[in-house]
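Report on the following structure.
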Amino acid sequence: MSFVTSFQPARAELPPNIDVDEIVADLAGDHVAAEGKTTKETAELVDIVEQAQSAGIELSIIVIPANPGHDSMLRDLATEVGKQEGGTVVVLSPDWIGTYSTTISRVQLETAEDPAKNQGGNSTVAAQKFTDELMTDSLPWTAITAVLLAVTVAVVAGLYVVKSRRDEPVVTPSTEKSEIPD
1 MSFVTSFQPA RAELPPNIDV DEIVADLAGD HVAAEGKTTK ETAELVDIVE QAQSAGIELS
61 IIVIPANPGH DSMLRDLATE VGKQEGGTVV VLSPDWIGTY STTISRVQLE TAEDPAKNQG
121 GNSTVAAQKF TDELMTDSLP WTAITAVLLA VTVAVVAGLY VVKSRRDEPV VTPSTEKSEI
181 PD
């Protein structure tokens, strides 16, 4: 192995027996591709997609029947589909979740993934937990940081003014030089 080849990115691997083109075609109608799910479960997933879309999240849900060899394969599949579909793509297996989005940050996606993992194959519960977490208002960290910075600057400026006033000599009658003519 050469030095150059050891630093190349790993090749994206998709779960076995998965056809990306077939999934994209299945997503075309209702944004849900749920292999091995009943009509009722698929309808519940469609409802979750519609709920997310009403909140401004362009969501597509893919359900695969078994956990792949590694959980990163789900993210790779979501990325491949997301490059063609756009929006936010969620891939669910019985215990894992993989995501991709053109509109939502990776931090928000991974935060939303955590409650959706390990649902024992209940893809409806996993998808609902994922979308609920995405639709939860987060703290406005930029505004909080700006306020804290402004308060810090005000405190430092106030302390500077107080300290500079202490350093000025105070003139009192006892410290003045008396000028008595000789």
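With UniProt numbering applied, the sequence shown covers 1 to 182.
Even glycine gets a Cβ: it sits at the ideal position worked out from N, Cα and C.
Every value quoted in this text rests on a predicted model; they were computed, and no experiment measured them.
Item                                                                                                         : Value
DSSP-derived helix/strand/coil call for Ser60                                                                : strand
Assigned secondary structure, Gly82 (DSSP; H/G/I helix, E/B strand, else coil)                               : helix
Boundaries of the alpha helix (DSSP H) in which Gly29 is found, first to last residue                        : Val20 to Asp30
Beta-carbon proximity of Ala127 to Leu92, cut-off 8 Å                                                        : yes
Cβ contact (3+ pairs, closer than 8 Å) linking the stretch 80-91 and the stretch 48-63                       : yes
Outcome for Glu80 when other beta-carbon atoms lying within 10 angstroms are tallied against a minimum of 16 : buried
At least three beta-carbon pairs within less than 8 Å, the stretch 40-48 to the stretch 66-75                : no
Delimiting residues of the alpha helix (DSSP H) encompassing Ile97                                           : Where Ile97 is concerned, there is no enclosing alpha helix (DSSP H), although the beta strand (DSSP E) it sits in stretches over Ile97 to Ser101.
Continuous beta strand (DSSP E) stretch holding Leu45: start and end                                         : Premise fails: Leu45 lies in the alpha helix (DSSP H), Thr39 to Ser54, not in any beta strand (DSSP E).
Distance between beta carbons of Ala33 and Ile23, contact taken as under 8 Å                                 : 5 Å
Range of the contiguous alpha helix (DSSP H) that encloses Leu159                                            : Trp141 to Asp167
Counted within 10 angstroms of its Cβ, other Cβ atoms place Ala66 as buried (16 or more) or exposed          : exposed
Asp167 versus Gly158 - alpha carbon distance                                                                 : 15 Å
Per DSSP, the bridge partner or partners of Leu92                                                            : Val63 and Ile97
Beta carbon of Thr111 nearer than 8 Å to that of Glu133                                                      : yes
Where residue 187 falls, given that 16 or more other Cβ within 10 Å makes a residue buried                   : The requested residue 187 is not part of the displayed model; the chain covers only 1 to 182.
Among Ile48, Gln84, Asp47 and Trp96, the one whose alpha carbon lies nearest that of Ile64                   : Trp96
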